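K.L.:
Protein chains in written order, with my numbering: chain A, 101 to 596; chain B, 101 to 596. We put the beta carbon where it would ideally sit given N, CA and C, even for glycine. Please read these numbers as outputs of a predicted model, since none were measured by experiment.
Protein chains: 2
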Amino acid sequence: MYGSSRALGLIADTGEPKAIHLRPAEKGKNKVVILGGGLAGLSVAYQLQQAGYHCTILEASHRLGGRNLTLRHGDFIDELGNPNFCQFDRDPNLYFNAGPARIPGHHRRLLNYCKEFSVPLQLKANSNRLAYIHDSNHFGGKPVRIGEYIADSRGFLSELVFKSVNQGDFSEEFSEEDWQKLMAYSSIFGDLNEGKYQGSGRSGSKKDRMLEHVVAKDPLKFADILTSKVGMMAALTPENYDWGEPLMEPVGGMDGVVEGFKRNINAKVKLHAQVSAIQVNEDSVDIQYRYKGKQENIQADYCFNNIPAHFMPGISNNFSAHYMNALASFKRGNLYKIAFQMKKRFWEEEGIYGGISFTDQSASQLWYPSHDINSEKGIMLGSYSWDDANNEMFASMTLQQRADEAARCGELIHPGYTSHIEAFASVPWTRMNHMMGCGAHMPADIWDEKFEVLQAAEGRHFMIGDQISHHAGWQEGAFASAEHALGVFNDMVLKA
Amino acid sequence: MYGSSRALGLIADTGEPKAIHLRPAEKGKNKVVILGGGLAGLSVAYQLQQAGYHCTILEASHRLGGRNLTLRHGDFIDELGNPNFCQFDRDPNLYFNAGPARIPGHHRRLLNYCKEFSVPLQLKANSNRLAYIHDSNHFGGKPVRIGEYIADSRGFLSELVFKSVNQGDFSEEFSEEDWQKLMAYSSIFGDLNEGKYQGSGRSGSKKDRMLEHVVAKDPLKFADILTSKVGMMAALTPENYDWGEPLMEPVGGMDGVVEGFKRNINAKVKLHAQVSAIQVNEDSVDIQYRYKGKQENIQADYCFNNIPAHFMPGISNNFSAHYMNALASFKRGNLYKIAFQMKKRFWEEEGIYGGISFTDQSASQLWYPSHDINSEKGIMLGSYSWDDANNEMFASMTLQQRADEAARCGELIHPGYTSHIEAFASVPWTRMNHMMGCGAHMPADIWDEKFEVLQAAEGRHFMIGDQISHHAGWQEGAFASAEHALGVFNDMVLKA
Numbered sequence: 101m102y103g104s105s106r107a108l109g110l111i112a113d114t115g116e117p118k119a120i121h122l123r124p125a126e127k128g129k130n131k132v133v134i135l136g137g138g139l140a141g142l143s144v145a146y147q148l149q150q151a152g153y154h155c156t157i158l159e160a161s162h163r164l165g166g167r168n169l170t171l172r173h174g175d176f177i178d179e180l181g182n183p184n185f186c187q188f189d190r191d192p193n194l195y196f197n198a199g200p201a202r203i204p205g206h207h208r209r210l211l212n213y214c215k216e217f218s219v220p221l222q223l224k225a226n227s228n229r230l231a232y233i234h235d236s237n238h239f240g241g242k243p244v245r246i247g248e249y250i251a252d253s254r255g256f257l258s259e260l261v262f263k264s265v266n267q268g269d270f271s272e273e274f275s276e277e278d279w280q281k282l283m284a285y286s287s288i289f290g291d292l293n294e295g296k297y298q299g300s301g302r303s304g305s306k307k308d309r310m311l312e313h314v315v316a317k318d319p320l321k322f323a324d325i326l327t328s329k330v331g332m333m334a335a336l337t338p339e340n341y342d343w344g345e346p347l348m349e350p351v352g353g354m355d356g357v358v359e360g361f362k363r364n365i366n367a368k369v370k371l372h373a374q375v376s377a378i379q380v381n382e383d384s385v386d387i388q389y390r391y392k393g394k395q396e397n398i399q400a401d402y403c404f405n406n407i408p409a410h411f412m413p414g415i416s417n418n419f420s421a422h423y424m425n426a427l428a429s430f431k432r433g434n435l436y437k438i439a440f441q442m443k444k445r446f447w448e449e450e451g452i453y454g455g456i457s458f459t460d461q462s463a464s465q466l467w468y469p470s471h472d473i474n475s476e477k478g479i480m481l482g483s484y485s486w487d488d489a490n491n492e493m494f495a496s497m498t499l500q501q502r503a504d505e506a507a508r509c510g511e512l513i514h515p516g517y518t519s520h521i522e523a524f525a526s527v528p529w530t531r532m533n534h535m536m537g538c539g540a541h542m543p544a545d546i547w548d549e550k551f552e553v554l555q556a557a558e559g560r561h562f563m564i565g566d567q568i569s570h571h572a573g574w575q576e577g578a579f580a581s582a583e584h585a586l587g588v589f590n591d592m593v594l595k596a
Numbered sequence: 101m102y103g104s105s106r107a108l109g110l111i112a113d114t115g116e117p118k119a120i121h122l123r124p125a126e127k128g129k130n131k132v133v134i135l136g137g138g139l140a141g142l143s144v145a146y147q148l149q150q151a152g153y154h155c156t157i158l159e160a161s162h163r164l165g166g167r168n169l170t171l172r173h174g175d176f177i178d179e180l181g182n183p184n185f186c187q188f189d190r191d192p193n194l195y196f197n198a199g200p201a202r203i204p205g206h207h208r209r210l211l212n213y214c215k216e217f218s219v220p221l222q223l224k225a226n227s228n229r230l231a232y233i234h235d236s237n238h239f240g241g242k243p244v245r246i247g248e249y250i251a252d253s254r255g256f257l258s259e260l261v262f263k264s265v266n267q268g269d270f271s272e273e274f275s276e277e278d279w280q281k282l283m284a285y286s287s288i289f290g291d292l293n294e295g296k297y298q299g300s301g302r303s304g305s306k307k308d309r310m311l312e313h314v315v316a317k318d319p320l321k322f323a324d325i326l327t328s329k330v331g332m333m334a335a336l337t338p339e340n341y342d343w344g345e346p347l348m349e350p351v352g353g354m355d356g357v358v359e360g361f362k363r364n365i366n367a368k369v370k371l372h373a374q375v376s377a378i379q380v381n382e383d384s385v386d387i388q389y390r391y392k393g394k395q396e397n398i399q400a401d402y403c404f405n406n407i408p409a410h411f412m413p414g415i416s417n418n419f420s421a422h423y424m425n426a427l428a429s430f431k432r433g434n435l436y437k438i439a440f441q442m443k444k445r446f447w448e449e450e451g452i453y454g455g456i457s458f459t460d461q462s463a464s465q466l467w468y469p470s471h472d473i474n475s476e477k478g479i480m481l482g483s484y485s486w487d488d489a490n491n492e493m494f495a496s497m498t499l500q501q502r503a504d505e506a507a508r509c510g511e512l513i514h515p516g517y518t519s520h521i522e523a524f525a526s527v528p529w530t531r532m533n534h535m536m537g538c539g540a541h542m543p544a545d546i547w548d549e550k551f552e553v554l555q556a557a558e559g560r561h562f563m564i565g566d567q568i569s570h571h572a573g574w575q576e577g578a579f580a581s582a583e584h585a586l587g588v589f590n591d592m593v594l595k596a
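(1) Flag this pair as touching only if the region 423-441 of chain A and the region 398-412 of chain A have three or more C-beta atom pairs under 8 Å; answer yes or no.
(2) Quick one: is N590/B near chain A, going by C-beta distance under 7 Å?
(3) Pick from D235/B, L466/B, D566/B: whose alpha carbon is nearest that of N228/B?
(4) Name the residue from S258/B, Y423/B, A523/B, N184/B whose alpha carbon lies nearest to the alpha carbon of A556/B.
(5) Show which residues of chain B have a CB atom less than 9 Å away from the CB atom of L223/A.
(6) Return the residue from the list F196/B, N168/B, G181/B, R167/B that minimises the CA-CA distance to G174/B.
(7) For K368/A, which residues does DSSP report across the bridge?
(8) Among I415/A, A572/A, A506/A, M536/A, whose alpha-carbon lies nearest the alpha-carbon of S161/A?
(9) Could you check what DSSP says for H471/A in three-state terms: helix, strand or coil?
(10) Any beta carbon from chain A within less than 7 Å of Y232/B's own beta carbon?
(11) Any idea if T498/A is buried or exposed, counting beta-carbon neighbours within 10 angstroms, 16 or more meaning buried?
(12) Could you say which of S286/B, G141/B, C214/B, A463/B lies nearest to D487/B if we only look at CA atoms?
(13) Can you list, in chain order, the residues of its chain whose CB lies under 6 Å from that of H154/B, leaving out five sequence neighbours each side?
(14) Would you say N434/B lies against chain A (beta-carbon separation less than 7 Å)?
(15) State the CB to CB distance for the pair G356/B and V219/B, rounded to an integer number of angstroms; the pair is presumed to be in contact (CB under 8 Å).
(16) Rounded to the nearest angstrom, what separates G290/A and A335/A at their Cα positions?
(17) Just to make sure I have the definition right: I need the residues of chain B whose C-beta is within less than 7 Å of the C-beta of G310/A. Which are they?
(18) Does the region 132-141 of chain B touch the region 302-321 of chain B, meaning 3 or more C-beta pairs lie closer than 8 Å?
(19) Kindly give me the distance between the Cβ atoms of I473/B and Y453/B, rounded to whole angstroms, as I take these residues to be in contact under 8 Å.
(20) Which residue's Cα is closest to the Cα of A377/B: F458/B, L135/B, L122/B?
(21) Output needed in chain order: residues of the region 326-342 of chain B with a Cβ under 8 Å from some Cβ in chain A.
(22) With 16 as the cutoff for other CB atoms within 10 Å, does E450/B come out buried or exposed?
(23) With a cut-off of 8 Å on the beta carbons, I'd call V527/B and K444/B a contact; round off their distance for me.
(24) Whose C-beta lies closer than 6 Å to the C-beta of A400/A among residues of the same chain, with five residues either side of it excluded?
(25) Could you tell me if P192/B is buried or exposed, where buried requires 16 or more neighbouring beta carbons within 10 angstroms of its beta carbon?
(26) Which residues in the same chain have their Cβ closer than 8 Å to the Cβ of R123/A, if we skip the five residues on either side of it in sequence?
(27) Mind listing which residues of the region 274-289 of chain B have their C-beta closer than 9 Å to chain A's C-betas, in chain order?
(28) Can you tell which of I521/A, R363/A, K370/A has its C-alpha closest to the C-alpha of F217/A?
(29) In chain order, which alpha helix (DSSP H) runs of at least 4 residues are fully inside the region 420-496 of chain A?
(30) Counting only beta-carbon separations shorter than 7 Å, does N533/B have a partner in chain A?
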């Protein structure tokens with residue numbers, strides 16, 4: 101399945117998915133148990149069945165897919181202490197990707213699966229220069245369009261370069277001709293007028309551009325540009341390799357990926373099966389799990405373990421100390437997402453058709469849907485943050501408090517925001533049953549050592565999941581971990 | 101129809117469409133003739149019918165919509181000297197927008213019409229950092245990903261800023277604290293490492309990012325970045341206010357806009373009706389036109405004229421000299437587009453899901469479709485340029501020569517390109533019957549004077565069309581011209 105992208109040399113840009121050529125399963129050694137039905141687990145099941153293995157997936161929760169969770173009308177939101185049901189209207193366009201929500205073009209493993217399973221994809225707007233930066237201590241505390249910030253920051257920096265060159269500061273490195281080129285370049289880069297930045301039509305016009313000459317807006321204050329952290333965050337979004345346009349999403353919800361696997365795997369799936377013990381033997385792996393109030397067990401030839409690492413200390417095992425130590429070194433991530441059903445797509449009336457507004461308030465990010473443009477209602481992401489304290493604050497709130505706080509922030513960007521809210525859903529991953537975390541990380545100084553341990557097999561047991569990659573929190577990381585583990589597995593089988 | 105966007109204050113960003121409140125038509129003064137069924141003409145027909153006017157549209161060609169032209173299987177391509185039919189497969193996904201192809205979120209008039217007429221919209225990728233820059237004299241003549249150019253150019257410029265600051269060159273303007281802030285800012289802007297640019301993970305990694313630490317690619321040569329015009333063009337694309345992501349397109353082809361008007365106007369439409377004379381009288385306008393081999397005429401109370409200005413000197417009229425002089429001052433634009441039906445979406449295997457590659461060769465731009473991802477085939481735009489000489493060269497070629505030349509250029513970016521080509525279509529607007537130009541312009545020094553003349557009425561005759569706006573070549577310009585003319589018309593009617 102990975103042939104085509106490799107042939108065209110994506111390796112230099114993304115790391116090329118490895119072609120997985122599994123040795124056909126031998127009779128009597130073809131039983132595999134997969135602990136956890138997240139994407140890594142599902143992809144292992146899919147790959148192994150091609151080689152003739154019989155897989156059983158034990159999944160603790162009521163559904164497959166892990167954090168690939170798309171919420172729609174009536175869906176159960178299994179938050180510990182706050183079990184609730186999604187109140188969105190019954191409408192296939194009103195969905196909320198509470199976990200992963202974006203696919204860049206260089207996530208080849210995921211995109212290959214989408215193609216293989218005929219998961220329809222559409223673009224998803226991520227960066228939008230017409231969306232806002234709201235910084236309560238900058239720009240007069242008023243929302244400014246991201247495009248203004250970007251145009252002005254390019255302008256001011258270019259002016260500094262132009263001025264330096266003009267002063268001949270780089271004489272050692274640059275010839276007179278080079279100076280000229282650099283001045284010309286910085287003038288275009290920043291839209292300078294005789295070496296000065298005086299605003300740019302790149303962020304629109306004070307007057308109607310269709311019927312009058314462009315009149316550049318007054319630039320933002322350079323001091324504000326330099327020190328607005330939220331401004332910088334907004335402006336850098338499209339510079340991040342994983343967030344550069346165009347991004348994609350499955351039509352109808354990210355769980356289209358999960359449905360693709362469900363249509364294409366023949367593994368035996370047991371939901372509500374909570375693993376309590378893992379015993380790795382010389383010729384087998386024994387798993388004990390709780391299922392419908394009873395303790396059950398299964399023996400397999402091999403075990404792939406997609407359980408979040410932070411649960412492992414709570415599961416009996418006979419792992420080596422250094423393996424357990426590595427598993428226990430992860431810090432659970434505390435990402436969350438909050439969504440609102442809006443009765444009106446008011447953002448479209450402001451020229452915003454998708455993308456993200458950024459605020460220094462707790463909500464941090466507001467995402468606008470870019471599908472079903474011009475329809476009546478829409479699901480907005482009302483809050484998403486990378487700040488630990490902030491995330492813990494939201495997780496500790498009641499549902500109503502979360503909604504109120506996210507609405508308060510939205511109101512500062514879009515007056516009247518609250519009046520459009522019809523329904524609310526929140527997914528604080530630290531409190532989601534059977535998951536209890538998202539965006540795991542490990543102290544940088546021990547990362548390499550622990551990662552190497554976890555990438556290796558522990559006997560017939562292989563850890564998989566986004567945590568066992570350099571890209572936690574992304575589906576591509578989950579698939580990469582599975583691909584790597586299957587490579588180790590294959591070597592083991594070949595040697596056996 | 102324009103209420104909502106105005107209320108939310110888009111005026112500062114886009115120029116707000118004016119609400120058109122036309123005075124109801126008076127009996128005996130309600131007959132309007134519209135010359136040309138381009139978008140300006142269609143929008144005038146739609147607006148006037150709300151006020152009770154009876155409109156007749158005389159259109160010289162075989163279809164409405166003007167340069168809003170979407171080509172599909174079997175469509176007639178009415179090029180003078182090269183009449184031909186579109187050879188694409190019969191497939192609704194295989195279409196080519198030969199005229200306008202992109203809608204930014206701030207083109208409020210067009211977007212309002214799409215909403216009013218329920219024209220379904222989807223995102224269209226325009227900028228893609230995974231697409232290529234190909235410059236035969238830079239970067240070793242090999243295609244480089246646009247993202248590399250952007251990351252490296254930001255890096256190098258930031259390094260210059262950092263260095264200048266460090267040397268204290270801005271001492272007059274900046275305090276010590278400001279310097280620190282500026283150094284911090286430029287470090288983040290360019291992804292510097294202790295003030296030096298050494299490549300950035302922002303354009304990917306030499307190694308598999310999912311399973312290994314990011315290893316930045318070697319930066320491009322700064323000298324190449326500074327002097328590659330095509331590199332600069334590619335990098336600046338998203339900085340242009342009209343080209344910033346997210347852009348949109350109607351699902352199934354840009355002519356969805358034309359279809360929207362057709363569903364919603366009740367004007368009498370005469371196709372193949374070629375205007376030969378316009379006589380403006382005190383109380384009426386007389387039009388003569390050729391229709392089915394005969395000369396016919398129509399008298400109306402008012403006339404809105406959507407005929408390309410460069411045709412006007414060839415049409416008898418009794419306009420004042422200064423009006424005719426203004427009309428005759430336009431230089432016809434020579435834009436063209438070339439498209440290929442590709443039997444395989446090879447670009448997707450390179451991580452490209454839409455957007456534009458840029459080359460210094462004649463093809464100039466290659467656009468990848470961003471709809472129907474992962475389907476079998478796709479229509480690529482194989483050439484589009486803003487260079488006059490280049491455009492004239494393509495227009496003067498035979499169909500086969502155009503295809504060969506565009507294919508040659510594509511091959512330099514995508515080896516094997518030619519082998520994927522199944523069909524070809526070209527639309528050189530200078531040679532398209534009843535249009536003969538696209539992207540009109542006027543010498544800058546006379547623009548304001550002539551524009552004012554053409555924005556005013558000539559008796560009961562009003563010029564409309566994208567030429568009569570500051571945004572020729574864009575649908576929004578056409579609608580703005582119509583809106584303006586209706587305002588002048590309304591004032592005239594109120595005074596009468």
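P.N.:
Concretely, from the data shown:
(1) Here the region 423-441 of chain A makes contact with the region 398-412 of chain A; the two share three or more CB pairs at distances below 8 Å.
(2) False, the Cβ-Cβ gap to chain A never drops below 7 Å.
(3) Per the C-alpha coordinates, the member of D235/B, L466/B, D566/B positioned closest to N228/B is L466/B.
(4) Considering only alpha carbons, the answer is Y423/B.
(5) The CB of L223/A comes closer than 9 Å to the CB of Q222, L223, K224, A225, P346, Y453, G454, S470, H471, I473 in chain B, given here in chain order.
(6) Residue F196/B is the option with its Cα nearest to G174/B.
(7) Answer is T156/A, bridged to K368/A.
(8) Measuring from the Cα of S161/A, the nearest candidate turns out to be M536/A.
(9) Reduced to three states, the DSSP call for H471/A is coil.
(10) By this cut-off, Y232/B is not an interface position.
(11) By the neighbour-count rule (16 or more Cβ atoms within 10 Å), T498/A is not buried but exposed.
(12) The shortest Cα separation from D487/B among S286/B, G141/B, C214/B, A463/B belongs to A463/B.
(13) Cβ neighbours of H154/B within its own chain (closer than 6 Å, five residues either side excluded): N130, K131.
(14) Not an interface residue.
(15) In this structure G356/B touches V219/B by the C-beta definition: roughly 5 Å separates them, less than 8 Å.
(16) Those two C-alpha atoms are separated by around 15 Å.
(17) With the sequence shown as reference, residue 310/A is identified as Met, and Gly is not the correct amino acid for it. Listed by position along chain B, the residues whose Cβ is nearer than 7 Å to that of M310/A are G115, S569, H570, H571, E576, G577, A580.
(18) No: the two stretches stay apart, fewer than three of their Cβ pairs being nearer than 8 Å.
(19) Indeed, because the Cβ distance is near 6 Å, the residues count as touching under 8 Å.
(20) Nearest option by C-alpha distance: L135/B.
(21) Contacts with chain A (Cβ-Cβ distance below 8 Å) from the region 326-342 of chain B involve L326, T327, M332, L336, P338, E339, N340, Y341, listed in chain order.
(22) Answer is buried; the Cβ neighbour count reaches 16.
(23) The pair is not a contact, with the Cβ atoms about 24 Å apart (cut-off 8 Å).
(24) Excluding residues up to 5 positions away in sequence, K131, V132, V133, V385 lie with their Cβ nearer than 6 Å to the Cβ of A400/A in the same chain.
(25) Of the other Cβ atoms in all chains shown, fewer than 16 fall within 10 Å of the Cβ of P192/B; this residue is therefore exposed.
(26) If we look at R123/A and ignore the five residues flanking it on each side, its Cβ neighbours are A151, N590, V593, L594.
(27) Answer in chain order: D278, K281, L282, A284, Y285, S286, I288, F289.
(28) Measuring C-alpha to C-alpha distances from F217/A to each of I521/A, R363/A, K370/A identifies R363/A as the nearest.
(29) Entirely contained in the region 420-496 of chain A, the alpha helix (DSSP H) runs reaching 4 residues are, in chain order, 421-427, 446-449, 488-496.
(30) Cβ-Cβ to chain A under 7 Å: no for N533/B.
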